[in-house]
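First comes the structure, then the notes that go with it.
There are 2 protein chains.
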Amino acid sequence: MTVTLLPMADPQDAACCTPLTRETIDADRAEELSRKLKALADPTRLRLVSIVAASDGEEACVCDLIEPVGLSQPTVSHHLKILMEAGFLTRSKRGTWAYYKLVPGALGQLSQLLDVTASR
Amino acid sequence: MTVTLLPMADPQDAACCTPLTRETIDADRAEELSRKLKALADPTRLRLVSIVAASDGEEACVCDLIEPVGLSQPTVSHHLKILMEAGFLTRSKRGTWAYYKLVPGALGQLSQLLDVTASR
Chain A
68 MTVTLLPMAD PQDAACCTPL TRETIDADRA EELSRKLKAL ADPTRLRLVS IVAASDGEEA
128 CVCDLIEPVG LSQPTVSHHL KILMEAGFLT RSKRGTWAYY KLVPGALGQL SQLLDVTASR
Chain B
68 MTVTLLPMAD PQDAACCTPL TRETIDADRA EELSRKLKAL ADPTRLRLVS IVAASDGEEA
128 CVCDLIEPVG LSQPTVSHHL KILMEAGFLT RSKRGTWAYY KLVPGALGQL SQLLDVTASR
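First to last, the protein sequences are chains A and B. Our numbering numbers the first residue of the first sequence as 68 and each following residue consecutively. Our numbering numbers the first residue of the second sequence as 68 and each following residue consecutively.
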């Protein structure tokens, strides 16, 4: 038995309101949802999101993201940009460094859309 | 506040046991999870999964999947193969037609891995 209670991150979001499995999703929502999934569907980006999410306040300095994934700063910044554009992270500059913060609810919303059993 | 109780589809699965946001995932698990997300990260495949999931018994004849997505049968079969290989659907032949069934727990497992709030 499955019980899921998840807040919606943004009720205005085109992809927000139709769980994938409660009723069939239309082409526009499938397009929107696939864009978000594509942004996450990369091993480096998953690790970056995971590190940010596990950090204090769900926020991490870019300086602490480079070594764990073993890539150059430009490459890491490129992946972080994709995650920002998809709405998973926000960025703020403090002093020399950029800090990346998890957008509250963004992963939970995606999770809810995918969960077949929760919507029954 | 978020409460999620989800069964694991396959405890042996390499990607099964580390929620993305409870602790940082390692490179192997990120690779495995990204493969599953890539399989879903396509508008047609999302619609196919959605149609199958919304069908009686979470199973649909390929003959009922072609018209809704507006693609040729070979193209639809190609997408269905990717979804099978990623563990989201199984296929059985009955008479003339192939039937595709949702793998119980496969989407729920993915959902659980993505859910930042559920793991806190």
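Ideal placement from N, C-alpha and C gives every residue a C-beta, glycine not left out. From a predicted model like this one, the values you see are computed outputs, not experimental measurements.
Query raised in the report: Which word fits glycine 162 of chain B, buried or exposed, when buried means at least 16 other C-beta atoms lie within 10 angstroms of its C-beta?
Result: On the second sequence, position 95 is the one that residue 162 of chain B refers to. Exposed: under 16 other Cβ atoms inside 10 Å.
Query - Within-8 Å CB hit, arginine 158 of chain B to chain A - result: The count along the second sequence starts at 1 and reaches residue 158 of chain B at position 91. Not an interface residue.
Query raised in the report: In chain order, what residues of the same chain lie with their CB nearer than 8 Å to the CB of arginine 112 of chain A, ignoring the 5 residues before and after it?
Result: Locating residue 112 of chain A in the first sequence gives position 45, where the first residue counts as 1. Around arginine 112 of chain A: Ala106, His146, Ile149, Leu150.
Query raised in the report: Quick one: does the C-beta of glycine 154 of chain B sit closer than 7 Å to a heavy atom of the ligand MN?
Result: Absence of the ligand MN from the depicted structure is noted, as is the absence of any ligand whatsoever, leaving it without description.
**Report entry** Residues sharing a beta bridge with threonine 157 of chain B, DSSP
**Finding:** Within the second sequence, numbered from 1, the residue matching residue 157 of chain B stands at position 90. Bridge partners of threonine 157 of chain B: B/Lys168.
Requested in this report: Measure the C-alpha to C-alpha separation of lysine 168 of chain A and leucine 104 of chain A and round it to an integer number of angstroms.
Outcome: On the first sequence, position 101 is the one that residue 168 of chain A refers to. On the first sequence, position 37 is the one that residue 104 of chain A refers to. Rounded to whole angstroms, lysine 168 of chain A to leucine 104 of chain A spans 19 Å at the Cα level.
Query - Anticipated Cβ contact below 8 Å, valine 143 of chain A with leucine 156 of chain A, distance rounded - result: On the first sequence, residue 143 of chain A is found 76 positions in, with the first residue counted as 1. On the first sequence, residue 156 of chain A is found 89 positions in, with the first residue counted as 1. Incorrect: roughly 12 Å between the Cβ atoms, too far for contact.
**Report entry** Pick from B/Ala153, B/Lys160, B/Tyr166, B/Arg158 that is closest to glutamine 176 of chain B, judged by C-alpha positions
**Finding:** Stepping through the second sequence from its first residue, residue 176 of chain B is reached at position 109. If we check each option's Cα against that of glutamine 176 of chain B, B/Ala153 comes out closest.
Query - DSSP three-state assignment for alanine 127 of chain B, whether helix, strand or coil - result: Walking along the second sequence from the start, residue 127 of chain B turns up at place 60. DSSP places alanine 127 of chain B in strand when its eight states are reduced to three.
Query raised in the report: So, is the C-beta of isoleucine 118 of chain A closer than 8 Å to a C-beta in chain B?
Result: As a first step, residue 118 of chain A is located in the first sequence; it is residue number 51 there, counting from the start. Yes, isoleucine 118 of chain A counts as interfacial toward chain B.
Query raised in the report: Along chain B, in chain order, which residues have C-beta atoms closer than 9 Å to that of alanine 108 of chain A?
Result: Numbered from its first residue, the first sequence carries residue 108 of chain A at position 41. Within 9 Å Cβ-Cβ: Leu100, Ser101, Arg102, Lys103, Leu104, Lys105, Ala106, Leu107, Ala108.
Query raised in the report: CB-CB under 8 Å to serine 122 of chain B, same chain, minus the five flanking residues each way: which ones, in chain order?
Result: Translated into the one-based positions of the second sequence, residue 122 of chain B becomes position 55. For serine 122 of chain B, where only same-chain residues beyond five positions count, the Cβ hits under 8 Å are Asp131.
Query raised in the report: If alanine 108 of chain A sits next to arginine 114 of chain B, beta carbons under 8 Å apart, how far is it from one beta carbon to the other, in whole angstroms?
Result: Position 41 of the first sequence, counted from the start, is the residue given in the question as residue 108 of chain A. Position 47 of the second sequence, counted from the start, is the residue given in the question as residue 114 of chain B. Contact flag wrong, Cβ pair sits at about 17 Å.
Report task. Quick one: list the residues of chain A neighbouring alanine 94 of chain B, beta-carbon separation under 8 Å, in chain order. Result -> The count along the second sequence starts at 1 and reaches residue 94 of chain B at position 27. Correct list: Pro110, Arg114.
Report task. Tell me whether the beta-carbon of serine 101 of chain A lies closer than 8 Å to the beta-carbon of proline 135 of chain B. Result -> As a position in the first sequence, residue 101 of chain A is number 34, starting the count at 1. As a position in the second sequence, residue 135 of chain B is number 68, starting the count at 1. No.
**Report entry** Members of the stretch 119-147 of chain A that neighbour chain B once the beta carbon cut-off is set at 8 Å
**Finding:** Ala120, Ala121, Glu125, Pro135
Query raised in the report: Under a CB-based cut-off of 8 Å, is leucine 150 of chain B close to chain A?
Result: Counting from one through the second sequence, the residue named residue 150 of chain B turns up at place 83. No, no contact with chain A.
Query raised in the report: What is the rounded straight-line gap between the Cα of serine 178 of chain A and the Cα of proline 171 of chain A?
Result: If you number the first sequence from 1, residue 178 of chain A lands on position 111. If you number the first sequence from 1, residue 171 of chain A lands on position 104. Computed Cα separation, rounded: 13 Å.
Query raised in the report: What three-state label does DSSP hand serine 101 of chain A in the structure shown?
Result: Within the first sequence, the letter at position 34 stands for residue 101 of chain A. Three-state result, serine 101 of chain A: helix.
**Report entry** Proximity test, Cβ basis, 8 Å: glycine 154 of chain A and chain B
**Finding:** Residue numbering aside, residue 154 of chain A sits at position 87 when the first sequence is read from its first letter. Not an interface residue.
Requested in this report: On a CA-only basis, which of A/Pro141, A/Ala127, A/Asp182 is nearest tyrosine 166 of chain A? Give me that one, please.
Outcome: Taking the first sequence and counting its residues from 1, one reaches residue 166 of chain A at position 99. Per the Cα distances, A/Ala127.
Query raised in the report: DSSP on glycine 175 of chain A, reduced to helix/strand/coil?
Result: Numbered from its first residue, the first sequence carries residue 175 of chain A at position 108. Three-state DSSP puts glycine 175 of chain A in a helix.
Query raised in the report: Looking at the C-beta of glycine 162 of chain B, does it have a partner C-beta in chain A at a distance below 8 Å?
Result: To locate residue 162 of chain B, count along the second sequence from 1; it is residue 95. So, not an interface residue.
**Report entry** CB-CB length for glutamate 125 of chain A against valine 116 of chain A, believed under 8 Å
**Finding:** In the first sequence, residue 125 of chain A corresponds to position 58, counting from 1. In the first sequence, residue 116 of chain A corresponds to position 49, counting from 1. No, glutamate 125 of chain A and valine 116 of chain A are not in contact; Cβ-Cβ is about 10 Å, not under 8 Å.
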